[in-house]
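Visitor: Shown below is the structure under consideration.
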Amino acid sequence: MIELIDVTKTFNRGAANEYRAVRGITLELAAGESLIIKGPSGSGKTTLLSMIGCMNRPTSGRIRLTGETIAGLVDTDASGFVEVTSLPERFLTAIRRRMFGFVFQQFNLIRGITALENVMQPAYPVGIPRRQIQHDAAELLASLGVGHRQTALVEHLSGGEQQRVAIARALINKPSVLIADEPTAHLDTVLSREFMEIAAQLKKMGTTLIIASHDPLVYESDLADRTIVVRDGVLVTTDTEL
Amino acid sequence: MTPALDRQRNILDFTLSSLLRRRGKLLSLVFIYSTVVFVLASIMFFTHALRREAQILLADAPELVVQRMVGGRHDPIPLEYAVAISEIRGVSGVQPRFWGYYYDADLGANYTLQAVSDNSLQTGNIAIGAGLAQLRGLGNGDAFSLWGSDGQPRTFTVSRVFSPASDLLTTDLIMTTEGDLRELFNFSKGTATDLSVAVRNPREVQTVAERIVELFPDCRPITREDIQRTYTAVFDWRSGILLVTASMAIWAFVIFSWDRASGISASERQEIGILKSTGWATEDILLLKLWEGIIVSLTSFLLGLIGAYIHIFFFSAPLFTSVLKGWATLYPSFRLTPFIDYYQVAILFVLSVFPFLLATIVPSWRAAIIDPDNAMRGGA
Amino acid sequence: MFRPSTIFMSLLFSGICIVCFLFVHAQMRSAADLPLLKKHARLAGQLGLTDLALCTEARYTRHPSQSDRHSAFQEHPGALEHFPTGAFIPPPGKK
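Residue numbers (the numbering used here), protein chains in the order written: chain G, 1 to 242; chain B, 243 to 622; chain U, 623 to 717.
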């Protein structure tokens, strides 16, 4: 479902502070698979995730995607793949919106509005009736165990609650891939375990998971179908556990 | 509803809840903005209505007034001039006018004294404006003394008080007979204050005026057109619109810089980053900002316009009276007739709403095109 | 609960309605006032009035259309040497 072929990303190209974050990574991921990207901070994990999630284009190399959501949005080649590297911005946005859900390290919730509205927000530009968005968002919050906090402002939520809201927000547009960047970095052990449980449930429902983390609790769990190690922007090892 | 309409409404909903989050800022912005529109619309309504009113009220003013100038100043005109002028071809009548000013030292008010040209008043009787009547507490049949130029008081009887509705013309007026005025002011025999000249054919007024100057180089003819033009110039559309443009530019800049200074802050920029990273396209963010601009500017425009209309036409411009009035003791109380120039309203709309929309959208544009992955790295 | 957009749109709509109502009011009242204004115009004609009693603070501002153009201490020959009238009323236009 996701193919990376010799992908590199260079920041500040040509300048004195040129910095190659990702150097020629080739990777393949099947639908429903869960992948954990391990590596110290500054190893290029976040850059890799943002390129997979169509937030950023690679400097060179190709990223190819396929799947039901893609087929309806853009023209695909004979094998059902689309080369996202060269797609115009608006298609990238559409793909990002429909195919990927993101959970950020700092949660990135919008302060001053309620938990429910934070969850609803990514669905607004899609053009579905508000009533339905509201219903879906409430359901998601309830299924994540924070249904009772719907009307609370996000800054009044605890760290664990904030993360559940962030997960609910990532899932509102029913993505097929959930991307999480250091999801447990700001959580204690109990909350980190709870996150892993939620992730396991999502996996069971068929969501593809891509999680970047250097937390042993994450990469040593039995969640991962595959764990890769990235160091200095290069793929170091690929160990398959299943 | 179609998806496109749902998208619009969803984004509008979100815009409103975002704006309400910064309620204090929103309210002060709308307050400043609508005050600006209010002031400009008030000036616009006021001057236009007054200009139209002057046009209508002075439509029957003398076609030609002839003043004599001595040493660069207005001086009584000898009545022989009237005879000579009445012989000019095209002139249908010459009427000497007698008028002057009277300073009421007790109240510090200036009155305008003028003699009637017909016999509508009897000797010893005066007709006064409603403003003056109120100021001095006078009514029909009351006695009113004026000091003559010889230092002796003369007592007159008020035989008529002009209707308060005509205050804009008559508020400080005292109409007397010609004889009484001459006697009071000690006008020298054989002179008048100026001459009112009637012309048979309105198209000949200019020719007659030129002829008068030819005959009497010390005379200055003032045509009815000049009178009208004075009032047109007073409340000129162009000066009005210049005011509108200038202050709009200034205020747009003030609002803009104030809004920017406290506006597209790090938090707002981060918010745009979050929206982008959660799947909002650049267009969606611009739509959000467009709605934001429309909400603020349309609300302020409507509030300002409605407020200005009420201020000028329901309450007779209380905020301007103090400015226009200056040191005047006697000021007409007038109720303006709402003559509105819809073209001016349209111009005000364009000049007040569009700069603000631009000022809202353009800076957000730059924030909206940032890469969404900035949000991923812990906010923009 | 109404949606915020519904509330805003109805407020906006009522604002526009008020403006329309005011414009209708303006039309009706100016039509109604016209006979009275015409009557006052006839009065002005009859009395031989040349000016509005709008600037009554000093004798030389009382009749802007009759003011001479040569008085001393003026920024412009013809400018009215009195505040605030002089600030509001420009010198009479040239022919």
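Yeah, the Cβ is synthetic: ideal placement off N, Cα and C, and Gly gets one too.
#1: In the DSSP assignment, what residue or residues form a beta bridge with Tyr573 (chain B)?
#2: Reducing DSSP to helix, strand and coil, say where His316 (chain B) ends up.
#3: Is it true that the stretch 342-356 of chain B meets the stretch 315-332 of chain B, where meeting means three or more beta-carbon pairs spaced less than 8 angstroms apart?
#4: CB Asp225 (chain G) to CB Leu35 (chain G), shorter than 8 angstroms?
#5: For Val7 (chain G), write down the residues that DSSP places opposite it in a beta bridge.
#6: Would the stretch 460-468 of chain B and the stretch 310-317 of chain B be scored as touching if the rule is three or more Cβ pairs under 8 angstroms?
#7: So what does Trp389 (chain B) bridge to, in DSSP terms?
#8: From Pro614 (chain B) to Gln586 (chain B), what does the alpha carbon distance come to, in whole angstroms?
#9: Secondary structure at Asp346 (chain B), three-state DSSP: helix, strand or coil?
#10: Taking 8 angstroms as the CB-CB limit, is Ile5 (chain G) close to chain B?
#11: Please confirm if Ser652 (chain U) has its CB atom under 8 angstroms from at least one CB of chain B.
#12: Buried or exposed: which applies to Gln121 (chain G), given that a residue is buried once 16 or more other Cβ atoms fall within 10 Å of its Cβ?
#13: Could you tell me which uninterrupted beta strand (DSSP E) segments, each at least 3 residues in length, are contained entirely in the stretch 158-186 of chain G, listed from first to last along the chain?
#14: Contact criterion: CB-CB distance below 8 angstroms. Does Gln364 (chain B) meet it with respect to chain U?
#15: Would you please verify whether the beta carbon of Ser627 (chain U) is less than 8 angstroms from any beta carbon of chain B?
#16: Quick check: the stretch 290-306 of chain B against the stretch 381-401 of chain B, are at least 3 beta-carbon pairs closer than 8 angstroms?
#17: Within the 8 angstroms Cβ cut-off, does Ser632 (chain U) reach chain B?
#18: Which residues does DSSP pair with Trp229 (chain B) in a beta bridge?
#19: Alpha carbon to alpha carbon, how far is Ala609 (chain B) from Leu540 (chain B)? Give it in angstroms, no decimals.
#20: Return the CA-CA distance between Gly546 (chain B) and Ala283 (chain B), expressed in angstroms with no decimal places.
#21: Does the structure place the stretch 329-345 of chain B close enough to the stretch 415-424 of chain B that three or more beta carbon pairs sit under 8 angstroms?
#22: Quick one: is Pro686 (chain U) near chain B, going by C-beta distance under 8 angstroms?
#23: On the DSSP letters alone, give me the boundaries of the beta strand (DSSP E) that Ile228 (chain G) sits inside.
#24: Helix, strand or coil for Pro463 (chain B) per DSSP?
#25: Could you compute how far the alpha carbon of Val281 (chain B) sits from the alpha carbon of Gly549 (chain B)?
#26: Tell me which residues share the same chain as Pro304 (chain B) and place their Cβ nearer than 6 angstroms to its Cβ, disregarding the 5 neighbours each side in the sequence.
#27: Which of the three DSSP states, helix, strand or coil, is assigned to Gln364 (chain B)?
#28: Considering only residues of the stretch 251-330 of chain B, which uninterrupted alpha helix (DSSP H) runs meet the minimum length of 4 residues and lie entirely inside it, listed in chain order?
#29: Leaving out the 5 sequence neighbours to the left and right, which residues in its chain are closer than 6 angstroms to Ala654 (chain U) when beta-carbon positions are compared?
#30: Quick one, which of B:Thr524, B:Glu467 and B:Ile370 has its alpha-carbon nearest Leu380 (chain B)'s?
#31: Which residues, in order along the stretch 401-431 of chain B, keep a beta-carbon less than 9 angstroms from a beta-carbon of chain U?
#32: Helix, strand or coil for Val234 (chain G), going by three-state DSSP, please let me know.
#33: For a test of the three-state rule: what should DSSP assign to Ala694 (chain U), helix, strand or coil?
#34: Should Pro183 (chain G) go down as buried or exposed, given a rule of 16 or more other Cβ atoms within 10 Å for buried?
#35: Within 10 Å of its beta-carbon, does Phe11 (chain G) have 16 or more other beta-carbons around it, so buried, or fewer, so exposed?
#36: With contact counted as at least three CB pairs below 8 angstroms, one residue from each stretch, are the stretch 422-434 of chain B and the stretch 314-322 of chain B in contact?
Guide: The answer reads as follows:
#1: In the DSSP output, where bridge partners are listed per residue, Tyr573 (chain B) has none listed.
#2: strand
#3: no
#4: yes
#5: G:Ile25
#6: yes
#7: B:Pro395
#8: 44 angstroms
#9: strand
#10: no
#11: yes
#12: buried
#13: 177-181
#14: no
#15: yes
#16: no
#17: no
#18: In this structure chain B extends from 243 to 622, so residue 229 (chain B) is not present and cannot be described.
#19: 24 angstroms
#20: 7 angstroms
#21: yes
#22: yes
#23: Arg226 to Arg231
#24: strand
#25: 9 angstroms
#26: Ser438
#27: coil
#28: 265-299 and 321-328
#29: none
#30: B:Ile370
#31: Phe404, Ser405, Ala407, Ser408, Asp409, Leu410, Leu411, Thr412, Thr413, Asp414, Leu415 and Met417
#32: strand
#33: With a pLDDT of only 46 at Ala694 (chain U), under 50, the local geometry of the prediction cannot be trusted, and no value is derived from it.
#34: buried
#35: exposed
#36: yes
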